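Asks: The structure's right below; bear with me while I get my questions together.
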Amino acid sequence: MNRPSLAAAVSTVALLWAAAPALAQDAQPLRIGATVNGALTDADGKAADDEYRYDDYRFDARAGQRLEAILRSDAFDAYLAIYADGAEGEPLATDDDGLEEGTDAR
């Protein structure tokens, strides 16, 4: 049997508040439609190159489902990346300053 692909009826993806080469094992579950208020701290994931910290969330989505994620911050330049579950390497989608309202991402 083939491994589930992005075209599967339901796939799990990870939403990271910054790009990371590998997904963290402790991704927080996120319900579609939920709002998350958070902060980056020394306890958060750290990029391999030590340049930034990130938070990582996991949610289930159906193939073809359209979703919108918005990341706003007054403290840092927001960068958003979406990875397929278990994927390493290139994200499915990224955004930096896509809201065109400063440095927020969408």
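So the sequence shown is numbered by my numbering: it starts at 130 and just counts up by one.
We put the CB at the ideal spot given by N, CA and C, even for glycine.
On a predicted model such as this, the values are computed, not experimentally measured, just so you know.
For R160, tell me which candidate among A177, F188 and D179 has the shortest Cα-Cα distance.
Replies: Closest by alpha carbon: F188.
Asks: Less than 8 Å between the C-beta atoms of G193 and Y183, yes or no?
Replies: Against a cut-off of 8 Å, the Cβ pair of Y183 and G193 comes out as no contact.
Asks: So, is L200 buried or exposed, given that buried needs 16 or more other C-beta atoms within 10 angstroms?
Replies: Answer is buried; the Cβ neighbour count reaches 16.
Asks: When you compare only the Cα positions, how much space is there between Q157 and D203?
Replies: Cα-Cα distance, rounded: 23 Å.
Asks: Suppose contacts are defined by Cβ-Cβ distances below 8 Å. Is A207 in contact with T232 by that definition?
Replies: Cβ atoms of A207 and T232: closer than 8 Å.
Asks: Using alpha carbons as the reference points, say which of D226, T223, Y186 and L196 lies closest to D155.
Replies: Of D226, T223, Y186 and L196, the residue nearest in Cα terms is Y186.
Asks: Since R235 contacts A190 with CB under 8 Å, what's their CB separation in whole angstroms?
Replies: Incorrect: roughly 17 Å between the Cβ atoms, too far for contact.
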